[in-house]
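Visitor: Every letter in the sequence shown is one number past the one before it in UniProt numbering, and letter 297, counting from 1, is 297.
Here it is: the structure, laid out below.
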Amino acid sequence: MLPTSDFVRGLVLSAAVLLAGPAGAQPSEPPVPQPDTVALLQQAYGQQFVPRSAAFAQQATRLASAVDALCDGPAAQGATGLAAAQAQWRSTTAAWDRLAGVAVGPLVKRRALTALDFNPTRPATIERAIQSAPSGPEAMERIGTPAKGIPALEWLLWSGKPAPQSPACRYTQQVARELAREAGVIAEGFATQARTDWAQEKRATFLGMQELVNQWLGGVERLRWTQIDKPLKAAESSSQKKAPAFTRAASGHTGATWAANWEAQRSLGDPVAAALQARGKGELATRLQGALAQADKAMGAARPDQPATLAPAVEALGAVKKLIEAEIAPVLDVTIGFSDGDGD
Numbered sequence: 001m002l003p004t005s006d007f008v009r010g011l012v013l014s015a016a017v018l019l020a021g022p023a024g025a026q027p028s029e030p031p032v033p034q035p036d037t038v039a040l041l042q043q044a045y046g047q048q049f050v051p052r053s054a055a056f057a058q059q060a061t062r063l064a065s066a067v068d069a070l071c072d073g074p075a076a077q078g079a080t081g082l083a084a085a086q087a088q089w090r091s092t093t094a095a096w097d098r099l100a101g102v103a104v105g106p107l108v109k110r111r112a113l114t115a116l117d118f119n120p121t122r123p124a125t126i127e128r129a130i131q132s133a134p135s136g137p138e139a140m141e142r143i144g145t146p147a148k149g150i151p152a153l154e155w156l157l158w159s160g161k162p163a164p165q166s167p168a169c170r171y172t173q174q175v176a177r178e179l180a181r182e183a184g185v186i187a188e189g190f191a192t193q194a195r196t197d198w199a200q201e202k203r204a205t206f207l208g209m210q211e212l213v214n215q216w217l218g219g220v221e222r223l224r225w226t227q228i229d230k231p232l233k234a235a236e237s238s239s240q241k242k243a244p245a246f247t248r249a250a251s252g253h254t255g256a257t258w259a260a261n262w263e264a265q266r267s268l269g270d271p272v273a274a275a276l277q278a279r280g281k282g283e284l285a286t287r288l289q290g291a292l293a294q295a296d297k298a299m300g301a302a303r304p305d306q307p308a309t310l311a312p313a314v315e316a317l318g319a320v321k322k323l324i325e326a327e328i329a330p331v332l333d334v335t336i337g338f339s340d341g342d343g344d
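Here it is, written out as structure tokens:
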């Protein structure tokens with residue numbers, strides 16, 4: 001996974017240095033935001049991040065309720081309760097993946113990609129956490145990140161299959177409740193950030209644009225390399241001939257996660273193309289739309305259990321990444337930061 005929080009902190013520091021100017025000089029003001037920048041940030045936050053974070057919070061609350069129904073219910077209804085909790089986990093995870101495909105704002109500030117989506121799952125750590133029997137928010141704060149979040153819940157609900165009233169089920173309740181609490185905080189954070197006056201708050205707009213484009217690029221690369229190509233290459237080079245260790249494999253949700261992440265990244269295509277058009281770069285906007293269409297086709301055909309379908313997706317996502325990095329970012333006055341998680 002990309003070290004997103006450290007990456008963006010470095011990006012913001014670099015941007016601050018750019019604003020500060022030469023040593024000893026008075027700090028410079030960021031440029032007056034161009035109308036296309038304002039429009040892009042307004043659309044990204046108002047029409048994408050805010051509703052997606054609200055949907056994630058709603059689904060996470062429903063997941064906590066479904067887990068409560070399983071764990072507080074009678075043993076005779078355990079199978080039914082487990083199936084309902086698994087179904088709600090899928091809905092919650094889909095909402096999360098649509099939000100986290102481009103991780104900006106509160107997701108960065110709260111290290112949410114690590115805190116809520118730690119991979120790979122560590123069953124031994126989860127088992128130890130079950131034995132510690134934490135209860136309540138303060139106790140859960142002392143539990144390590146690998147034993148919490150969406151992947152831990154996946155392991156608990158599919159591999160652990162906790163029985164009602166059991167210690168494992170009580171722990172599953174605590175993990176689900178913490179996820180719901182954090183989802184609510186994230187949704188509030190996005191709602192607050194969306195109220196930024198992007199036309200007037202020059203520094204916030206400058207940094208917001210830097211973060212948005214960098215995290216768009218980072219999300220595409222995380223999908224291409226970390227989620228698809230890296231596990232595929234590891235399996236191909238292994239002498240044990242194991243299936244690729246894709247995320248969400250236990251629940252069979254891998255393909256749905258890829259699709260939701262791509263949906264988040266793809267949805268920035270039209271507003272970015274509009275910004276390019278506004279800057280007189282219509283030909284580049286057309287090439288962006290073409291690259292996105294190719295990736296749409298390749299991602300639509302990608303199947304986790306059919307490795308031959310994955311190479312076109314990896315190639316198409318790589319083309320989108322290259323276009324953002326080499327041509328789109330400079331036109332939008334965005335400095336691309338370096339991350340040691342870039343993959344190659």
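In this text, a Cβ means the ideal position worked out from N, Cα and C, and glycines have one as well.
Treat the numbers as computed from the prediction; the structure is a model and nothing was measured.
So, helix, strand or coil for R303, using DSSP?
Guide: The answer is strand: DSSP assigns R303 an E or B state.
Visitor: By DSSP, does L284 sit in helix, in strand, or in coil?
Guide: L284 falls in the helix class under three-state DSSP.
Visitor: To which residues of the same chain is F118 closer than 7 Å at the C-beta, ignoring the five residues directly before and after it?
Guide: So the qualifying residues of the chain are T145, P146, G149 and P151.
Visitor: Judging by CA-CA distance, which residue of A55, W225 and Q265 is the nearest neighbour of Q88?
Guide: Comparing Cα-Cα distances from Q88 to each of A55, W225 and Q265, the minimum goes to A55.
Visitor: Among D333, Q47, E283 and A60, whose alpha-carbon lies nearest the alpha-carbon of L153?
Guide: Closest by alpha carbon: A60.
Visitor: Which one of A66, W216 and G81 has the shortest CA to CA distance from V334?
Guide: Minimum Cα distance to V334 is reached at W216.
Visitor: Give the DSSP-derived three-state secondary structure of L268 in the structure shown.
Guide: Note: L268 maps to coil in three-state DSSP.
Visitor: Apart from the five residues on each side of it in sequence, which residues of its chain come closer than 7 Å, Cβ to Cβ, to Q48?
Guide: Excluding sequence neighbours, Q48 sits near S267.
Visitor: Would you identify the three-state DSSP class for L179, choosing helix, strand or coil?
Guide: Correct three-state label for L179: helix.
Visitor: Helix, strand or coil for P151? Go by DSSP, reduced to three states.
Guide: Looking at P151 - three-state DSSP - the assignment turns out to be helix.
Visitor: I believe T257 touches D97 by the beta-carbon criterion, under 8 Å. Please report the beta-carbon distance rounded to the nearest angstrom.
Guide: Sure, about 5 Å apart at Cβ, within 8 Å.
Visitor: What do you reckon, are the CB atoms on V220 and L317 nearer than 7 Å?
Guide: Yes, the Cβ-Cβ distance between V220 and L317 is below 7 Å.
Visitor: If you draw a straight line from the alpha carbon of D340 to that of G101, how long is it in whole angstroms?
Guide: Its pLDDT being 34, under 50, D340 is placed unreliably in this model, and the value from its coordinates should be taken loosely. Between D340 and G101, the C-alpha separation is close to 19 Å.
Visitor: Report the CB separation of I336 from N214 in whole angstroms; it is logged as a contact under 8 Å.
Guide: About 6 Å; that satisfies the 8 Å criterion.
Visitor: Give the DSSP-derived three-state secondary structure of A44 in the structure shown.
Guide: Helix at A44.
Visitor: Expressed to the nearest angstrom, what Euclidean distance is found between the alpha-carbon atoms of T93 and W158?
Guide: If I take the Cα positions, the gap works out to 14 Å.
Visitor: Under the rule that 16 or more other beta-carbon atoms within 10 Å means buried, what is E182, buried or exposed?
Guide: Classification of E182: buried, given that the 10 Å Cβ count is 16 or more.
Visitor: Judging by CA-CA distance, which residue of L107, L116, T172 and R111 is the nearest neighbour of A129?
Guide: Cα-wise, what sits closest to A129 is T172.
Visitor: Helix, strand or coil: which one does DSSP assign to F190?
Guide: Helix, per DSSP.
Visitor: Which residue wins for smallest C-alpha separation from R52, given the options A245, L223, V175 and A191?
Guide: Closest by alpha carbon: A191.
Visitor: To which residues of the same chain is V38 closer than 6 Å at the C-beta, ignoring the five residues directly before and after it?
Guide: W198 and A199.
Visitor: So, is A273 buried or exposed, given that buried needs 16 or more other C-beta atoms within 10 angstroms?
Guide: Looking at its Cβ environment, which holds 16 or more other Cβ atoms inside 10 Å, A273 is buried.
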